[in-house]
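Residue numbers (my numbering): 132 to 265. A short write-up of the structure that comes next.
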């Protein structure tokens with residue numbers, strides 16, 4: 132089986148509208164609860180099980196209402212959580228904090244599986260907040 136064929140068959144868990152709704156409900160700048168951070172608008176990304184970004188959304192009213200570099204960080208965090216999850220044990224990036232600290236079992240994790248910008252940003256700039264199609 133060709134790799135491109137395999138990627139096309141991996142479904143995207145949520146659609147763009149569900150991702151956008153969840154993001155806006157959880158980011159203070161767009162009406163969600165305070166979380167102790169900068170409380171700015173944010174990006175969110177979803178990856179398929181094979182690590183391909185399949186949806187991206189931002190919480191602000193326009194694309195420039197949140198830091199542009201956070202889109203890539205959101206995709207990298209989604210890829211990390213996906214890559215460290217099993218069918219019967221899913222991890223979020225929040226669950227990784229203690230383990231990646233100095234002396235922890237996952238210390239140095241960020242250097243073990245570097246992601247490529249091309250793989251994590253498959254949408255064009257005009258489609259940054261739209262569902263990513265393959």
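The beta-carbon is built from N, C-alpha and C at its ideal position, and this holds for glycine as well.
| query | Quick one, are the C-beta atoms of residue 171 and residue 160 less than 8 Å apart? | reply | yes
| Can you round the beta-carbon distance between residue 206 and residue 225 to whole angstroms, since I take them to be within the 8 Å contact cut? | Not a contact, Cβ separation roughly 17 Å.
| DSSP puts residue 217 in a beta bridge; with which residues? | Looking at the DSSP assignment, residue 217 forms a beta bridge with 220.
| Per DSSP, residue 186 is paired with what? | Within the DSSP bridge table, the entry for residue 186 names 177 as partners.
| Closest by C-alpha distance to residue 203, when choosing among 193, 218, 222, 183 | 183
| field | Cα-Cα separation between residue 195 and residue 210, rounded to whole angstroms | value | 24 Å
| request: Return yes when the Cβ of residue 168 is within less than 8 Å of the Cβ of residue 155, no when it is not. | output: no
| task | Tell me whether residue 241 sits in a helix, a strand or coil according to DSSP, three-state version. | result | helix
| Leaving out five residues before and five after residue 237 in sequence, what residues of the same chain have Cβ atoms less than 7 Å from its Cβ? | 227, 230, 231
| query | Which class does residue 229 belong to by DSSP, given the choice of helix, strand or coil? | reply | coil
| said: Could you compute how far the alpha carbon of residue 208 sits from the alpha carbon of residue 174? | reply: 11 Å
| query | Taking C-alpha atoms, which residue in 197, 192, 181 lies nearest to residue 217? | reply | 181
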